[in-house]
Each structure stands twice: as C-alpha cells, then as structure tokens.
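Residue numbers (my numbering): -7 to 278.
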Ligand SMILES: [Zn+2]
C-alpha cells in the first residue's frame, strides 16, 4: 500500500454514510463516484466488478448535528433537527409553499442563503420526461443524484418560491417523479428535450404569461441551453430490481455491477445510499 491517504487506494472504511459525491464525466468517461463514510472516502469506479460489503453497525448519527438517533428522519436527521431546520421543512419539497414572507421561516438566514438564490427549472430524462427545479449551483449534481441520462435547463427565476410556482404549472402537463426501478433497469429511451421544451412552453404559454403578470415580467427568464448527456459506470443493469434495506438486514454485499443516481447496483440487488444517510457502516472491498 503506497499511499494511505489517496482516495483510490482505500478499500475499507467505517463511519456514518453521506450521500455519494458524483462528479460528471463526459462522452468517453462515465460519472465518477466517491462513497463517503464519515471522513473516509472510497473512489468506487475503480472497484466495479469487485466484491463490496457494507455492514450497518446499528448506530445512526444525524447528518446535521452528529448526535446518535434511534431512527432517521428525512433521510438522515435526528428528530430535533428534523423539526427545527429549514432544510427539513415541507416548503423545501413544495417550494410554492415558501412562507418566508410571513415571517415564519425556521431559519431566515439559511433561507436567504439557499432559497433567495437563482433557481433553474429543468427537464430531465431519468425514467422518462420529468420537470424539476434546483438551485443553479446544484447543477449538474442534482441530475446525477436522480440518475438522469439527459437534462436541459429551460427557465431561470430569482428564488425558490418562484421556481415552485413555475414547476406547479408544468406539473399540469408533465410528471416530476422518477420511477427508480425503470431508471435502474437502464433501458430508458433518449428524448428530444429541446422539442419537449418547445412543446411544453407552447402548451403553458397563457399560464406563464399570467404568472409573469403576477410576480413580475422580468422574474422568469427563458434559457437557451443545450441538452446535457450524463453517463454512468454500469457493467450490467439488473433485469429484476430487488432492493436492499439496512433496516431489514444489516449486511449488504455482492459484486458491484454499477452506480446510477445514489444507488449501488449489486448482482444481489440495489441500495439507495441517500436513504440511509447517517447510518454507520463498515465498508470492505475485496
Ligand atoms: Zn441532529
């Protein structure tokens, strides 16, 4: 072992899981995945095809404050954090319900830093066409986390509330969910996203004009972006998608067949690591 501190050389780790870091690749190189367990990191692309074992020790540590918790809320928070952090409030999932203006934001400073920032409304192809919103700085991470194979930013707005208002219009004509089983089977057909954008913008022309009259003519900007293709390191997609769950069985192991979204794809089943944020695991690669 030449360098204990190099990410690629580490093959064992122990600590609470964080969502994986995913760096975008390009047409020749798939996205680069880094598993995070506490302060430890393991580059996973180099271990495709190897045996990987994750054993949940039984401990769960809040991803925000680190305190031990018997149960995880909202993918990794302790109950006090879940009830008090702005990032755990329902308005994060439903941005159109932002209540900052009512003076009831759980953490106004956090809101100003995260919600009162430019947001993008995008189309993505994860298990088919979907609409989504995210902070501009979260791209392309958001798409990689969802396992999208294509994405196209279409509109830009000044804040999260406005992005929610726009997304609500789009949800009348297009879905906003990913069917994770379909996404993991890997046979998602490519789409002509610019054509879908033009079709949807035309269909929502009246509604978008009315929204602009309400929130300001300059509030919604049309983006002239080109579609992004996203590639994932997968040796073989599962034919039948079976999911592992640390709450039911603490050991998850098998041959690592691929990485897509926040999922590890084993020859024995798949696991969504995002769902188990804060779960302390022992990781070993053979
Ligand atoms: Zn906490």
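Backbone N, C-alpha and C fix where the C-beta goes; we use that ideal spot for every residue, glycine too.
Contacting residues, own chain, Cβ-Cβ under 7 Å from residue i (five flanking each side not counted)
i: residue 66; result: 74, 80
i: residue 254; result: 11, 12, 137, 264, 265, 266
i: residue 56; result: 69, 73, 77
i: residue 150; result: 110, 211
Secondary structure of residue i, DSSP reduced to three states
i: residue 85; result: helix
i: residue 281; result: Since the displayed the chain opens at -7 and closes at 278, residue 281 lies outside it and no answer follows.
i: residue 66; result: coil
i: residue 145; result: strand
Residue i CB to nearest heavy atom of ligand 1 below 6 Å
i: residue 80; result: no
i: residue 56; result: yes
i: residue 73; result: yes
i: residue 70; result: yes
Neighbourhood of residue i by C-beta distance below 6 Å, restricted to the same chain and skipping five residues each side
i: residue 243; result: 47
i: residue 127; result: 109, 111
i: residue 88; result: 156, 157, 160
i: residue 174; result: 119
i: residue 170; result: 118, 119, 138
i: residue 61; result: 52, 54, 70
i: residue 8; result: 30, 53, 270, 272
i: residue 223; result: 17, 22
i: residue 186; result: none
Own chain partners of residue i with C-beta closer than 8 Å, once the 5 adjacent residues on each side are dropped
i: residue 39; result: 3, 248, 277
i: residue 193; result: 146, 200, 214
i: residue 219; result: 142, 143, 144, 185, 186
i: residue 208; result: none
Which parts of the stretch 77 to 122 are runs of the beta strand (DSSP E), unbroken and 3 residues or longer, counting only runs that do not cross its ends? Counting only runs of 3+ residues, the beta strand (DSSP E) found wholly inside the stretch 77 to 122 occupies 111 to 117, in chain order.
Could you tell me which uninterrupted alpha helix (DSSP H) segments, each at least 4 residues in length, are contained entirely in the stretch 147 to 180, listed from first to last along the chain? DSSP runs (the alpha helix (DSSP H)) wholly in the stretch 147 to 180: 152 to 162, 172 to 177.
Which runs of the alpha helix (DSSP H) spanning at least 4 residues fall entirely within the stretch 187 to 261, listed in chain order? Correct list: 197 to 207.
Ignoring anything shorter than 4 residues, give me the alpha helix (DSSP H) runs that lie fully in the stretch 9 to 70, in order along the chain. none
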